[in-house]
Amino acid sequence: MVTLKNQTELDQMRAAGHVVGTTLRRVAEAAEPGVSLAELEAIGAACIKEHGAEPSFLGYRPRWADTPYPATLCLSVNDVIVHGIPDKRRLKDGDILSIDCGAIVRGYHGDAAVTVPVGQVDDAAERLMKVTREALTAAIAAAVPGGRLGDVSYAVESTARPYGLLEGCGGHGIGTAMHEAPDVPNTGRPGRGMKLREGLVIAIEPMLIESGGDEGRTLADGWSVATADGSRAAHFEHTVAITADGPEVLTR
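Numbering (my numbering), first residue to last: -13 to 238.
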């Protein structure tokens, strides 16, 4: 069921989004060569706790998962697209790191992701991150009252190609649950799908694959999804409210 949020609920979601945005900035600033994913996880957990919030991801178990997610952040390096579990791996110069964070404030979730360079990265990595960010920006601009969900999906796809888009994965509604209706695919046709209305809140999250392929594979940990061909991936996400004044990004 699609739920529309009132002003009180949007205020709660802005608070959750602020925690997410602050946490992402803090973790991104610490992502340097030699730093371990476990150390970044600790920074993220401490930031969420400092703000009186709870992590959305820790202990989360959707229907398809064999085990609950064991961490506060998803940290995905290079060919891992999403859901990378933080471990003792240390970042190296030239890596790209996707940081995905969710937080709960008074029962409402915020969810966002960024991909950042570690040290000096090559031009191809810079372009991959740039285009992924542009796909998110274009999709946010399409999230207006009276539009269609397909407009948002098409904005991602038309900006992202010829990069690959992870098959079967995309954005989602969000509110008192981290994943609510509707699904927000990263591919679609303009003018199609559900009509966008004031009060709808969605997480928009392009996931681009450098090689142009759309296939992923789940790793042995049961959570991490990597590119099928070993090429790199980038992931950007914001929680966005559809308002009378246009799209409002809540996760800043």
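The beta-carbon is built from N, C-alpha and C at its ideal position, and this holds for glycine as well.
Computed from a predicted model, the values in this text were never measured in an experiment.
In terms of alpha-carbon separation, which member of Leu122, Gly80, Thr118 lies closest to Gln106? For the purposes of this step, residue 106 is taken as residue 120 along the sequence shown, with counting starting at 1. Answer by Cα proximity: Gly80.
Span of the alpha helix (DSSP H), counted from its first residue to its last, around Ala127: In the sequence shown, residue 127 corresponds to position 141, counting from 1. Element bounds for Ala127: 109 to 127.
Return the bridge partner residues of Thr9 from the DSSP annotation. Here residue 9 refers to the residue found at position 23 when the sequence shown is read from its first residue. In the DSSP output, where bridge partners are listed per residue, Thr9 has none listed.
Coil, strand or helix - Lys78 by DSSP: As a working mapping, residue 78 is identified with position 92 in the sequence shown. Looking at Lys78 - three-state DSSP - the assignment turns out to be coil, as it is neither helix nor strand.
For Gly161 and Arg92, the rounded distance between their alpha carbons: Here residue 92 is taken as the residue at index 106 of the sequence shown, counted from 1. Here residue 161 is taken as the residue at index 175 of the sequence shown, counted from 1. If you take the alpha carbons of Arg92 and Gly161, they lie about 11 Å apart.
In this structure, does DSSP put Lys35 in helix, strand or coil? For the purposes of this step, residue 35 is identified with residue 49 of the sequence shown, where counting begins at 1. Reduced to three states, the DSSP call for Lys35 is helix.
State yes or no: is the C-beta of Glu(-5) within less than 7 Å of the C-beta of Ala99? Looking up residue -5 in the sequence shown gives position 9. Looking up residue 99 in the sequence shown gives position 113. No.
Just confirm the distance between the C-beta atoms of Ala121 and Pro192, as a whole number of angstroms; I'd bet it's less than 8 Å. The sequence position of residue 121 within the sequence shown is 135, counting from 1. The sequence position of residue 192 within the sequence shown is 206, counting from 1. The Cβ separation is near 4 Å, so the contact holds.
Quick one: any contact between the segment 115 to 132 and the segment 38 to 56, if contact means 3 or more CB pairs under 8 Å? no
Classify Met180 as helix, strand or coil using the three-state DSSP reduction. The residue you call residue 180 lines up with position 194 of the sequence shown. Looking at Met180 - three-state DSSP - the assignment turns out to be coil, as it is neither helix nor strand.
In or out: Pro19 buried (at least 16 other Cβ within 10 Å) or exposed? For the purposes of this step, residue 19 is taken as residue 33 along the sequence shown, with counting starting at 1. That one is exposed.
Option nearest Leu23 by Cα separation, candidates Ile126, Ser62, Pro171: Indexing the sequence shown from 1 puts residue 23 at position 37. Among Ile126, Ser62, Pro171, the Cα nearest to that of Leu23 belongs to Ser62.
Out of Ala163, Thr204, Asn64, state which residue places its alpha-carbon closest to the alpha-carbon of Asp108. For the purposes of this step, residue 108 is identified with residue 122 of the sequence shown, where counting begins at 1. Checked all of Ala163, Thr204, Asn64; the closest Cα to Asp108 is Asn64.
Sorted by chain position, which residues of the same chain lie with C-beta nearer than 7 Å to Asp231's C-beta, five sequence neighbours on each side aside? Reading the sequence shown from its first residue, position 245 is the one you call residue 231. Same-chain partners within the cutoff: there are none.
Find out if the Cβ-Cβ distance for the pair Ile71, Thr101 is shorter than 7 Å. Here the question's residue 71 lines up with position 85 in the sequence shown. Here the question's residue 101 lines up with position 115 in the sequence shown. Going by C-beta atoms, Ile71 is not nearer than 7 Å to Thr101.
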